[in-house]
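Every number in my numbering is 17 more than the matching position in the sequence shown, counting from 1. From the three backbone atoms N, C-alpha and C, an ideal C-beta is built for every residue, glycine too. Source: prediction; values computed, not measured.
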Amino acid sequence: MRKIWFALFTAGALFAEDKLVHSHDAIRQYSMHGNFQKGIATKEMGAKEFEVWRASIAVGSKTPRHVHESEEVFIVLKGKIRAIVGDQEIDCEAPATLICPANVPHQLINIGDEPTDQILVLGIDSKISDANGQEMKLPWR
């Protein structure tokens, strides 16, 4: 019985890895101005509603000020950031969650002494614009 269960579990795991489970080791990392991103759940991987990204901001670096059509959630796992959301400045240190409303300009700045580690969640295909309203050309999109 144990051998049958092992065989079924192993076959199920292989099927799951093909369709539902994606190793982060094989995912390409993108970088731009001290920001590093890796899509860990994207439309190309089969996500239907949300994109999920693993991101890091180098010490002293920042994201460009930008706007999303959808809400964006930042889960800060490591480090200290200053978030400029609309006209508010908010400092937060890991572990913390920051929720940016849709269509509100925002920017993250690493104000700590180590690279940040965060998870980003936003709507699939949400348009991303710069502070002037121009659609941003990002290497990961």
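**OP:** Could you check if E61 is buried or exposed, using at least 16 other CB atoms within 10 Å of its CB as the buried criterion?
**Re:** Taking the sequence shown and counting its residues from 1, one reaches residue 61 at position 44. So E61 ends up on the exposed side.
Subject >> Alpha carbon of W70 to alpha carbon of G56, nearest angstrom >> reply: Walking along the sequence shown from the start, residue 70 turns up at place 53. Walking along the sequence shown from the start, residue 56 turns up at place 39. Going by C-alpha positions, W70 is about 4 Å away from G56.
**OP:** Closer than 6 Å by C-beta to D142: which residues in its own chain qualify, once you throw out the five before and the five after it? Chain order, please.
**Re:** The residue you call residue 142 lines up with position 125 of the sequence shown. Here the set comprises nothing.
Original post:
Should A119 go down as buried or exposed, given a rule of 16 or more other Cβ atoms within 10 Å for buried?
Top reply: Here residue 119 refers to the residue found at position 102 of the sequence shown. Counting other Cβ atoms within 10 Å of its Cβ, A119 stays below 16 and is therefore classed as exposed.
Original post:
With G103 and V121 assumed to form a contact (beta carbons below 8 Å), what rounded beta-carbon distance in angstroms separates them?
Top reply: As a first step, residue 103 is located in the sequence shown; it is residue number 86 there, counting from the start. As a first step, residue 121 is located in the sequence shown; it is residue number 104 there, counting from the start. The distance from the Cβ of G103 to that of V121 is about 5 Å, consistent with a contact at the 8 Å cut-off.
**OP:** Indicate the three-state DSSP secondary structure (helix, strand or coil) for D142 in the structure shown.
**Re:** Residue 142 sits at position 125 when you count from the first residue of the sequence shown. Annotated three-state conformation of D142 is coil, per DSSP.
Original post:
So, do the region 36-49 and the region 107-118 have three or more beta carbon pairs nearer to each other than 8 Å?
Top reply: No, the region 36-49 does not touch the region 107-118.
**OP:** To the nearest angstrom, report how far apart I145 and E131 are at their CA atoms.
**Re:** As a first step, residue 145 must be located in the sequence shown, where it is residue number 128. As a first step, residue 131 must be located in the sequence shown, where it is residue number 114. The alpha-carbon atoms of I145 and E131 are separated by roughly 27 Å.
Subject >> Sequence-distant residues of its chain with Cβ nearer than 7 Å to A113 (five each side left out) >> reply: As a first step, residue 113 is located in the sequence shown; it is residue number 96 there, counting from the start. Here the set comprises V93.
Subject >> Collapsed DSSP secondary structure at D130 in the structure displayed >> reply: In the sequence shown, the residue the question calls residue 130 occupies position 113. In the displayed model, D130 falls within coil according to three-state DSSP, outside both helix and strand.
Subject >> C-alpha gap between E86 and M153, whole angstroms >> reply: By 1-based counting over the sequence shown, the position of residue 86 is 69. By 1-based counting over the sequence shown, the position of residue 153 is 136. Computed Cα separation, rounded: 13 Å.
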